[in-house]
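Accompanying notes for the structure given below.
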Amino acid sequence: MLFSLPWILGFVLLHAGPMLMAFALSFTDWVFASTPEWRGGAHYRTLISDELFWTALRNSAYYAGVTVPLGVLIALGLALLLNRDWPGMGMFRTIFFMPALVSGVSIAMVWGWLFNPRFGAVNSALDKIGLDGPGWLGDPRWAMPVLISLGLWSIGGTMLIYLAGLQSIPQELYDAAKLDGAGRWAATRHVTLPMISSVTFFLLVVGMISALQLFTPAYVLTDGGPENATLTLPLYIYQNAFAFQKFGYGATITVVLIMLTMAITLAQLALARRWVFYAGLGAR
Amino acid sequence: MGNSLLRAGRVLAALMIFAVLIAACGGDSSDDEEPTATSEPEAAAATATESEPEPTEAEETITLRLGVSMTPAELETFEAGLEDIRSRHPNWDIQLEQTPQDGVVEKTNTQIASGDLPDVVHVQGLFAQPWIRQGAFASLADYTSDPEFNVDDFYDAALGQFQWEDALYGVPNIVAPDLLFLNLDMFEAAGVEPPAADWTMDDLETLAYELTLDSDGRNANDPDFDPDSVVQWGLSVTPNNIWTRHYLLPFGADPCANDDCTDLQFSSPEVQEALTFWADLAQAGVAPYDPYTGNQTGVPGEGFQAGIAAMGINGFFLVGVLNATGELNYDVAEFPTGPAGVKASPLSTNGWAIAETSEQKDAAWELIEELTSEEFLTQHWAEPGHGVPARESVAPEVLQEEAAPANQQAILDTLEYAEVFVPSAAGAFEVFGRTSDIFVAMMRGDTPIADGTEEIDSIGDEVFGASQ
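Protein sequences appear in the order of chains A and B.
Counting with our numbering, you get residues 2 to 285 for the letters of the first sequence.
Counting with our numbering, you get residues 49 to 516 for the letters of the second sequence.
This is the structure in structure tokens:
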């Protein structure tokens with residue numbers, strides 16, 4: 002108990018406390034200098050007819066729905082490629098991990114210039130092969146895909162966790178599979194993937210929570226534009242609470258985001274019983 | 049169990065001793081012998097107080113937090129002025145807190161929410177009303193009624209931004225009209241004369257075309273001009289938010305249906321026609337539709353200041369910035385007259401307010417008196433060219449013959465008709481945030497002006513209706 006006290010204190014003061022506070026504030030109007038005024042469920046009713054809320058929800062779902070599975074797949078592919086005892090493999094692992102060390106704002110700034118429609122490297126490259134590049138961050142159709150590409154660029158951490166998972170698979174299992182006549186693909190399918198399914202599950206849960214919190218690149222690069230194409234729920238919360246001074250309404254969206262995240266996580270936990278394999282325990 | 053607790057206790061004790069040792073080794077910065085450990089203002093303060101009377105024992109040290117959000121050039125001259133004040137008030141411990149300009153609204157909101165607003169805050173007039181009405185600032189009625197302060201010396205429009213229900217909640221220190229900035233080197237290279245005092249919107253349009261160059265050096269009047277490869281823009285901005293009323297008034301178009309502009313009428317035929325004038329410029333490639341992101345120009349921020357636009361519409365503060373860097377050969381002009389025969393310019397104001405939560409209101413007011421004194425406004429705002437003093441008596445001090453721009457009279461002439469930004473009521477920032485994209489889409493031609501303006505009015509009705 003004593004040793005877990007710092008964590009408990011941190012959780013209560015920095016997480017549970019603010020969450021409860023947000024829940025309480027979601028039933029009020031609070032314009033900072035004044036006392037919060039009770040509004041009952043008015044903000045929740047407003048939410049239903051708030052088109053921007055639904056736009057933000059769709060955008061967050063779009064980002065998470067693409068980034069998380071794609072990120073996990075690419076990270077797994079990279080980890081499989083780098084999980085070999087070849088010379089120079091350490092260097093490649095370092096190179097693929099390095100983007101994860103750069104701060105979000107810095108990467109966003111770099112991305113902004115790479116995808117600058119007139120002066121960016123991406124459109125310059127497209128121009129060289131005779132293609133007319135789009136407006137990227139200035140184009141409602143392309144702005145979110147650019148943010149997704151930014152999210153995928155930083156998958157070094159995910160790859161590293163997969164690498165650790167791959168290296169913990171006992172060699173005997175591959176040897177046994179080989180004796181049973183399994184080829185490379187069969188061994189991957191029947192040994193590797195089940196043995197790292199718990200890692201995949203962890204990464205999907207954490208990745209989904211993280212993706213639903215997308216804020217920094219949307220704030221730095223587009224501020225939710227163009228035409229609200231990159232307005233995510235966290236950015237909409239921020240705008241309402243800190244720019245529009247509608248703290249109660251911002252708290253309401255926060256509560257919805259927390260509930261949504263919890264629901265998705267619980268659904269993932271429920272589905273995990275069908276496909277996640279824990280060594281020694283079987284599927285749970 | 050007992051041993052475990054004992055071990056845990058020992059570990060905690062060891063950690064505490066370690067922490068105490070670290071703290072002790074860190075020492076007090078005031079004990080540092082290295083002079084470089086003291087910041088420049090602190091060093092200057094130390095020097096100044098050496099020759100000034102030390103506070104007597106009866107004079108208790110008063111800590112005053114002073115929140116500002118200034119450009120680096122403004123901050124440099126302001127800090128120098130602050131040192132003079134510190135030397136006159138040795139018992140004041142003035143703690144300057146600078147916030148980057150991009151995040152000032154959010155930070156101020158957070159400080160208000162947490163009851164942590166500095167005692168004295170520098171507030172843009174445009175932002176002031178919602179905060180005043182929320183009770184974030186203290187009423188200054190008792191202080192400003194003092195005849196010695198001479199509140200009548202301040203520009204009425206500037207005072208208005210800090211007034212609510214017959215009381216002042218802030219004192220303006222500077223006003224800054226918007227002006228047309230002209231890059232004289234670009235004019236000369238194009239063989240074009242800078243505009244005369246009586247120029248019109250048609251002249252502006254003509255100049256914008258003549259001064260825009262594509263990557264092959266063709267201007268926008270050339271039939272082969274390529275609007276997708278502009279390297280020099282004729283004009284740096286187009287209307288991109290709800291606070292661009294001055295772009296429309298010269299056309300006889302007013303987007304505000306009432307005095308405080310909480311009833312928007314962007315969809316009126318007059319405003320639509322005026323917006324069409326600007327959208328045509330944007331779509332011809334002579335002025336960017338999205339001026340600040342750098343997506344079109346390749347340079348983040350305002351194009352004139354970055355040296356890629358021949359004409360720029362900017363606040364007077366840019367005079368101080370340009371003179372401090374000395375990189376551009378420039379002049380200024382008044383806004384052109386429109387078809388309606390009128391000129392228009394917005395008036396930015398800044399002022400000082402006292403936090404309602406301040407426990408040092410009297411001292412905070414004394415500090416404001418210092419910061420709005422004729423001497424301070426002249427030396428630290430007017431002479432460096434950062435702003436026109438909000439006191440009419442010293443406003444002309446902004447004219448500095450030896451410094452650019454040459455046409456300084458345009459500054460005072462503009463003050464004759466400049467009006468403060470509206471709307472500034474609660475909800476204005478939400479309308480701004482939710483409509484800026486629509487302006488860009490209209491300027492770009494993606495959204496018909498009729499549709500875009502209808503939507504802007506609708507958002508205005510929704511937000512202002514709710515906030516009233």
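We put the CB at the ideal spot given by N, CA and C, even for glycine.
At least one beta carbon of chain A lies nearer than 7 Å to the beta carbon of residue 478/B. Taking C-alpha positions only, residue 310/B is separated from residue 222/A by approximately 30 Å.
In the assembly as shown, residue 198/B is an exposed residue. Its beta-carbon has fewer than 16 other beta-carbons within 10 Å.
Look at residue 465/B here: in three-state DSSP terms it is coil, with no helix or strand label. If you check each beta-carbon in the stretch 160 to 186 of chain B against every beta-carbon of chain A, the ones closer than 7 Å belong to 160, 161, 178, 182, 183 and 184.
Only residues of its own chain outside the window of five on either side were considered, and among them 188 and 192 have a CB closer than 6 Å to the CB of residue 178/A, listed in chain order. When the Cα atoms are used, residue 146/B and residue 206/A turn out to be separated by approximately 40 Å. Looking at the backbone, the Cα of residue 185/A and that of residue 80/A are separated by about 16 Å. Burial state of residue 505/B is buried, judged by a 10 Å Cβ sphere holding 16 or more other Cβ atoms. Rounded to whole angstroms, the Cβ separation of residue 249/A and residue 27/A is 6 Å, and the two are in contact under 8 Å.
Leaving aside the five residues that flank residue 266/B on each side, the residues in its chain whose CB is nearer than 8 Å to its CB run, in chain order, 272, 273 and 274.
Straight through space, the alpha carbons of residue 33/A and residue 21/A are spaced by roughly 18 Å.
Under the three-state reduction of DSSP, residue 359/B is assigned to strand. When rounded, the separation of the alpha-carbon atoms in residue 153/A and residue 409/B is 53 Å. Taking C-beta atoms as the reference points, residue 286/B and residue 217/B fail to come closer than 7 Å. Per DSSP, residue 66/A lies in no beta strand (DSSP E) segment; the continuous alpha helix (DSSP H) that holds it begins and ends at 52 to 83.
Taking every protein chain shown into account, the CB of residue 137/A has 16 or more other CB atoms within 10 angstroms, so this residue is buried.
With the criterion set as a beta carbon lying under 8 Å from some beta carbon of chain A, the members of the stretch 125 to 157 of chain B are 153, 154 and 157, in sequence order. If the five residues before and after residue 174/A are omitted, its C-beta is found closer than 6 Å to the C-beta atoms of 192, all from its own chain and listed in chain order. Residue 231/A sits in coil when the DSSP states are folded into three classes, being neither helix nor strand. Cα atoms of residue 135/A and residue 229/B: separation of roughly 33 Å, rounded to the nearest angstrom. Between residue 281/B and residue 254/B, the CB-CB gap reaches or exceeds 7 Å. Distance from the CA atom of residue 94/A to the CA atom of residue 208/A, rounded to whole angstroms, is 21 Å. Following the DSSP letters along the chain, one finds residue 317/B inside the alpha helix (DSSP H) bounded by residues 317 to 332. In the structure shown, the three-state DSSP call for residue 370/B is helix. Taking C-beta atoms under 8 Å as the contact rule, residue 227/B and residue 398/B fail to qualify, at a distance of about 17 Å. For residue 399/B, the uninterrupted beta strand (DSSP E) segment begins and ends at 394 to 402.
Between the stretch 207 to 226 of chain B and the stretch 341 to 356 of chain B there are fewer than three inter-stretch CB-CB distances shorter than 8 Å, so the stretches are not counted as touching.
Straight across, the Cα-Cα distance linking residue 430/B with residue 508/B is about 37 Å.
The stretch 106 to 122 of chain B and the stretch 164 to 171 of chain B touch, with no fewer than 3 CB-CB distances between them shorter than 8 Å.
Of all residues in the stretch 29 to 48 of chain A, only 32, 33, 34 and 35 place a beta-carbon less than 7 Å from a beta-carbon of chain B. Residue 102/A and residue 168/A have their C-alpha atoms spaced approximately 23 Å apart. No Cβ-Cβ contact shorter than 7 Å links residue 233/B with residue 243/B. Within 7 Å of the CB of residue 344/B, the CB atoms of chain A belong to 119, in sequence order along the chain.
Collapsing the DSSP output to three states places residue 310/B in coil.
Annotation for residue 381/B: no alpha helix (DSSP H) segment contains it, though the beta strand (DSSP E) segment containing it runs 378 to 381.
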